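Note that the protein sequences, when read in sequence, are chains A and B.
If you want our numbering, it's the position in the first sequence, counting the first as 1, plus 32.
If you want our numbering, it's the position in the second sequence, counting the first as 1, plus 32.
Quick reminder that beta carbons are idealized off the backbone N, C-alpha and C, glycines included.
Source: prediction; values computed, not measured.
Protein chains: 2
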Amino acid sequence: MKMIDIIYKKRNGEILTKEEINYFIHGYNEERVPDYQMSALLMAIYYKGMNKTETVNLTNAIIDSGDIIDLSLINGLKVDKHSTGGVGDKTTIALGALVAANNVPVAKLSGRGLGHTGGTIDKLEAIPGFSADLSIEKFADQVNKINISLGGQTKDLAPADKKLYALRDVTATIDNISLIASSVMSKKLASGADRIVLDVKTGSGAFMKDIDEAFALGKAMVDIGNGVGKDTVAIITDMEQPLGNTIGNGIEVWEAIQLLKGKAPEDLLELCRYLGSYMLLLAEKVSTLEEGMKEIQEVIDNGKALEVFKTFIKCQGGEIHYIDKPELLYKTKYVYEYTAIKDGYIHQLDAELIGKCALTLGAGRLEKSTEIDHKVGLELQKKIGNYVKKGDIIVKIYYNEKRKLDEALKLFEKSLVLSDEFKAARKIIHGVVTKEGEKRLS
Amino acid sequence: MKMIDIIYKKRNGEILTKEEINYFIHGYNEERVPDYQMSALLMAIYYKGMNKTETVNLTNAIIDSGDIIDLSLINGLKVDKHSTGGVGDKTTIALGALVAANNVPVAKLSGRGLGHTGGTIDKLEAIPGFSADLSIEKFADQVNKINISLGGQTKDLAPADKKLYALRDVTATIDNISLIASSVMSKKLASGADRIVLDVKTGSGAFMKDIDEAFALGKAMVDIGNGVGKDTVAIITDMEQPLGNTIGNGIEVWEAIQLLKGKAPEDLLELCRYLGSYMLLLAEKVSTLEEGMKEIQEVIDNGKALEVFKTFIKCQGGEIHYIDKPELLYKTKYVYEYTAIKDGYIHQLDAELIGKCALTLGAGRLEKSTEIDHKVGLELQKKIGNYVKKGDIIVKIYYNEKRKLDEALKLFEKSLVLSDEFKAARKIIHGVVTKEGEKRLS
């Protein structure tokens with residue numbers, strides 16, 4: 033087998049065999065296939081695409097390039113949730129407790145984040161003492177005992193994906209559905225989950241700006257999951273404006289705790305109910321979406337979810353009094369209240385720019401080595417569709433370094449559009465893709 | 033300017049500016065742009081193409097990557113002829129004398145060949161003593177005195193083309209008209225000619241297997257030449273079977289000399305008359321194609337062309353008695369006469385396979401360091417459309433090493449198809465592309 037023949041074949045629009053896909057992925061991972069041939073092939077894939085079978089084979093080849101986590105020590109069906117990434121997305125934190133409180137095992141392995149805010153581990157580390165540094169035995173043992181555990185990814189999962197992504201990034205071959213889908217799914221599937229709920233974000237703050245593209249990506253990922261025999265569902269959700277009211281690390285944990293206490297903003301609650309219900313469905317705990325939503329609401333109302341969350345944090349070394357007084361999680365030196373300069377309806381709160389605003393304050397990292405400031409963040413007082421009078425507070429900015437405020441304010445101002453005309457916020461759930469097909473809700 | 037932005041732009045089908053094209057060619061030539069970005073861009077160009085302006089700018093950027101030869105020491109309009117490469121193509125040798133005998137300066141700079149037979153210099157070196165190792169002053173002086181000179185390329189012409197070609201070869205991005213046209217024309221234009229006649233071959237022995245593709249390539253090259261202000265004409269000619277009757281080095285020089293003596297096969301004579309006439313036209317020596325053809329025939333008939341050829345060979349150190357007895361040029365140890373195994377019409381003499389047959393005998397080189405055997409070669413006794421009886425000689429094979437004959441015979445046998453039905457050979461001239469447009473003749 034020769035790489036040049038594989039490039040010719042895809043260039044001419046032909047379908048690659050499993051053997052050919054294995055050849056170039058393993059060859060590239062082991063540095064037998066050079067960058068310049070891989071990038072030519074990626075560009076050919078960009079134009080000619082890959083069909084369902086090719087995409088499944090690509091995903092499997094990427095999985096096989098590294099370790100695969102074995103969760104068989106954990107009893108029951110393990111359902112994982114994965115988001116394609118959004119601004120203010122604290123659902124993983126809340127969902128863990130909501131699902132575990134329904135006696136479904138939550139065995140979550142997470143990496144650290146690169147971007148506007150940290151990853152789930154970074155966020156929970158805002159709680160002093162909390163650690164995700166567990167052995168696989170302790171991790172499994174904890175799930176078996178209290179239904180929930182959060183571990184750091186220590187194994188070398190899908191190393192070919194890291195190399196491919198770095199190459200795609202510099203050769204204009206990022207935005208191809210098959211390449212994106214196999215990248216996401218290879219990492220998920222290598223993490224050992226039995227079933228997967230995907231939250232595919234769409235809108236200004238998401239990778240997929242366009243709703244149709246988000247459905248296409250959702251479909252490609254559902255096809256991969258089901259193609260390898262792991263039931264997968266994709267929920268297409270909105271990311272025109274940040275999710276909930278907070279953006280940061282500690283402040284997002286605070287909002288997740290508020291949700292468990294029954295005090296969450298409606299968009300966040302609706303999304304958690306929806307995703308949580310699908311997790312219960314895939315775990316075969318409930319048999320209808322409605323039943324699942326009821327169960328999720330119930331563990332909020334009866335306090336079970338909050339109790340599970342406390343036990344979980346305590347088990348992993350976190351100081352419990354922060355859960356009783358979660359406002360300590362975003363106690364910064366300074367607070368700036370940004371007010372409306374005129375009367376009007378909020379027309380736009382560009383999620384991407386608000387994400388950059390949080391990053392500027394120190395809530396995220398662009399490089400792996402950067403230290404995160406867990407306390408800084410934003411708290412929106414108004415969202416799209418709300419009416420404000422001149423002088424009303426639109427956002428509270430929590431910050432620790434004065435010199436960073438100016439740049440953050442500029443970004444926030446750029447994100448905001450006030451208008452005389454009313455505009456409703458988009459629905460939070462745009463639709464669902466299952467192996468049976470897609471259902472649009474917006 | 034960033035390479036990634038240029039890749040995105042072309043990937044999305046946009047037109048690249050002159051500055052962008054200069055950026056990536058010079059960046060690549062100077063190793064600031066890495067192979068993997070260049071190959072992604074080449075694949076995007078493969079799919080999205082380049083328009084006329086982009087192709088001219090690409091050619092100019094490649095020319096600017098190296099030296100440009102200055103022929104201003106030579107009086108008059110310098111017309112160069114270039115062939116895209118075929119089997120048995122000895123036209124350059126004959127045409128030099130035919131055009132120079134018409135008082136048009138022929139200042140030919142040539143490289144050594146890679147492939148089935150040698151380049152023009154390799155072929156003429158079959159004449160003992162002949163050397164193309166001239167200083168640019170001596171080269172120019174000789175043209176001014178006797179109208180003709182052949183020099184070796186000593187300067188570093190279009191180095192970016194060499195690098196690009198090597199990359200295209202391993203990334204399946206060879207066969208794009210703009211990339212091929214700019215590659216050929218950059219080398220030609222850097223060689224300093226004022227006007228250019230291109231011989232674009234089409235058929236089994238040519239790079240362009242398809243006639244329409246050959247016309248498209250001709251048009252792209254004519255557009256480039258005229259785009260940089262150098263009158264260029266492309267003649268689309270046949271390469272289904274070898275040109276003339278001989279394939280080799282000394283044996284091709286012999287056939288070129290036979291032509292100058294008025295004893296050439298019809299296809300070779302017709303092509304030389306046609307190409308020569310266009311050279312006289314571009315040199316403004318004649319005003320119609322017919323007049324040019326008449327002038328070319330006249331210098332054959334009156335012996336002037338042969339005389340010029342002798343003077344030229346003498347000036348460059350060659351032993352003149354080889355021109356009087358040119359059969360010495362292919363005097364090998366052994367001759368094998370391949371005969372027809374049945375009666376029938378010759379249906380096919382695959383040019384590419386016959387080229388490989390000559391290469392096997394030692395007539396060409398695959399690597400620069402290989403020594404050529406100037407005397408080995410093939411002499412066809414029959415061509416497509418001829419009828420043979422069982423036992424008739426189809427080809428004489430001249431060879432020096434017994435062990436090479438078997439492989440050569442296998443290749444020749446594979447090239448040959450005998451049939452009960454008559455098939456005419458294709459016309460030698462398929463058409464012409466000038467700046468006014470194309471004219472098809474077949």
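How about residue i: is its C-beta nearer than 8 Å to some C-beta of chain B?
{"i": "Arg-43 of chain A", "result": "yes"}
{"i": "Ser-218 of chain A", "result": "no"}
{"i": "Leu-199 of chain A", "result": "yes"}
{"i": "Ala-72 of chain A", "result": "yes"}
Could you name the residues of the same chain whose beta carbon sits closer than 6 Å to that of residue i, not counting the 5 residues immediately before and after it, in chain order?
{"i": "Ala-93 of chain B", "result": "Ile-53, Asn-54, Ile-57"}
{"i": "Leu-156 of chain A", "result": "Phe-162"}
{"i": "Ala-158 of chain A", "result": "Asn-281, Gly-282, Val-285, Leu-361, His-406"}
What whole-angstrom Cβ distance do residue i and residue j have, given they're in contact under 8 Å?
{"i": "Tyr-377 of chain A", "j": "Phe-444 of chain A", "result": "18 Å between Cβ atoms; not a contact."}
{"i": "Tyr-40 of chain B", "j": "Ala-204 of chain A", "result": "5 Å"}
{"i": "Ile-209 of chain B", "j": "Arg-200 of chain B", "result": "In fact, because the Cβ distance is near 13 Å, the residues do not count as touching under 8 Å."}
{"i": "Leu-103 of chain A", "j": "Ala-139 of chain A", "result": "6 Å"}
{"i": "Lys-187 of chain B", "j": "Asp-99 of chain B", "result": "4 Å"}
{"i": "Pro-160 of chain B", "j": "Tyr-362 of chain B", "result": "Not quite, the Cβ-Cβ distance comes to about 13 Å (not below 8 Å), so this is no contact."}
{"i": "Ile-345 of chain A", "j": "Gly-294 of chain A", "result": "Ile-345 of chain A to Gly-294 of chain A, Cβ: 19 Å. No contact."}
Alpha carbon to alpha carbon, how far is residue i from residue j?
{"i": "Glu-351 of chain B", "j": "Lys-407 of chain B", "result": "16 Å"}
{"i": "Lys-177 of chain A", "j": "Gly-151 of chain A", "result": "25 Å"}
{"i": "His-114 of chain B", "j": "Tyr-431 of chain B", "result": "29 Å"}
{"i": "Gln-413 of chain B", "j": "Leu-130 of chain B", "result": "26 Å"}
{"i": "Arg-64 of chain A", "j": "Asp-231 of chain B", "result": "41 Å"}
{"i": "Lys-434 of chain A", "j": "Thr-123 of chain A", "result": "31 Å"}
{"i": "Asn-334 of chain B", "j": "Thr-49 of chain B", "result": "54 Å"}
{"i": "Asp-405 of chain B", "j": "Thr-149 of chain B", "result": "10 Å"}
{"i": "Ala-476 of chain A", "j": "Asn-418 of chain B", "result": "Given that chain A is displayed from residue 33 to residue 474, the structure contains no residue 476 of chain A and the question cannot be resolved."}
{"i": "Glu-51 of chain A", "j": "Glu-359 of chain B", "result": "56 Å"}
{"i": "Thr-343 of chain B", "j": "Cys-389 of chain B", "result": "34 Å"}
{"i": "Thr-116 of chain B", "j": "Ile-106 of chain B", "result": "26 Å"}
{"i": "Ala-440 of chain B", "j": "Glu-46 of chain B", "result": "49 Å"}
{"i": "Val-367 of chain B", "j": "Val-427 of chain B", "result": "10 Å"}
{"i": "Asp-121 of chain B", "j": "Leu-90 of chain A", "result": "48 Å"}
{"i": "Leu-314 of chain B", "j": "Ala-456 of chain B", "result": "33 Å"}
{"i": "Ser-71 of chain B", "j": "Asp-96 of chain B", "result": "21 Å"}
{"i": "Asp-382 of chain A", "j": "Ser-236 of chain A", "result": "6 Å"}
{"i": "Glu-510 of chain B", "j": "Asp-438 of chain B", "result": "The displayed coordinates of chain B run from 33 to 474. Any statement about residue 510 of chain B would go beyond what the structure contains."}
{"i": "Glu-3 of chain B", "j": "Glu-302 of chain B", "result": "Beyond the ends of chain B as shown, which are 33 and 474, falls residue 3 of chain B; an answer cannot be given."}
{"i": "Asn-258 of chain B", "j": "Leu-182 of chain B", "result": "25 Å"}
{"i": "Ala-198 of chain A", "j": "Ala-198 of chain B", "result": "24 Å"}
On the DSSP letters alone, give me the boundaries of the alpha helix (DSSP H) that residue i sits inside.
{"i": "Ile-212 of chain B", "result": "209-222"}
{"i": "His-148 of chain B", "result": "Run containing His-148 of chain B: none; DSSP gives neither H nor E here."}
{"i": "Glu-245 of chain A", "result": "243-259"}
{"i": "His-462 of chain A", "result": "From DSSP, His-462 of chain A is part of no alpha helix (DSSP H) but of the beta strand (DSSP E) over 461-466."}
{"i": "His-353 of chain A", "result": "353-356"}
{"i": "Asp-112 of chain B", "result": "Run containing Asp-112 of chain B: none in the alpha helix (DSSP H); it sits in the beta strand (DSSP E), 111-115."}
{"i": "Leu-437 of chain B", "result": "437-447"}
{"i": "Gly-324 of chain B", "result": "321-333"}
Please list the terminal residues of the continuous beta strand (DSSP E) segment that includes residue i.
{"i": "Arg-64 of chain B", "result": "Premise fails: Arg-64 of chain B is in no beta strand (DSSP E) and is neither H nor E."}
{"i": "Lys-388 of chain A", "result": "Here Lys-388 of chain A belongs to no beta strand (DSSP E); instead the alpha helix (DSSP H) covers 383-393."}
{"i": "Asp-270 of chain B", "result": "264-270"}
{"i": "Arg-12 of chain B", "result": "Absent from the structure is residue 12 of chain B, since the part of chain B shown begins at 33 and ends at 474."}
{"i": "Tyr-181 of chain B", "result": "Reading off the sequence, residue 181 of chain B comes out as Ser, not Tyr. 180-184 is the span of the beta strand (DSSP E), which, as asked, contains Ser-181 of chain B."}
{"i": "Glu-411 of chain A", "result": "409-412"}
{"i": "Gly-280 of chain B", "result": "278-280"}
{"i": "Leu-338 of chain B", "result": "Run containing Leu-338 of chain B: none in the beta strand (DSSP E); it sits in the alpha helix (DSSP H), 336-347."}
{"i": "Arg-472 of chain A", "result": "469-472"}
Against chain A, with Cβ distances strictly below 8 Å, would residue i count as a contact?
{"i": "Tyr-78 of chain B", "result": "yes"}
{"i": "Met-75 of chain B", "result": "yes"}
{"i": "Thr-203 of chain B", "result": "yes"}
{"i": "Tyr-40 of chain B", "result": "yes"}
Leaving aside the five residues before and after residue i along the sequence, list all residues of the same chain whose C-beta is less than 7 Å from its C-beta, in chain order.
{"i": "Gly-250 of chain A", "result": "Leu-230, Val-232, Ala-266, Ile-268, Val-465"}
{"i": "Ile-101 of chain B", "result": "Leu-141, Lys-187, Ala-222, Ser-223, Gly-224"}
With a CB to CB cut of under 8 Å and the five nearest residues on each side skipped, what residues in its chain are close to residue i?
{"i": "Glu-316 of chain A", "result": "Leu-109"}
{"i": "Ile-38 of chain A", "result": "Leu-48, Glu-52, Tyr-55, Phe-56, Leu-73"}
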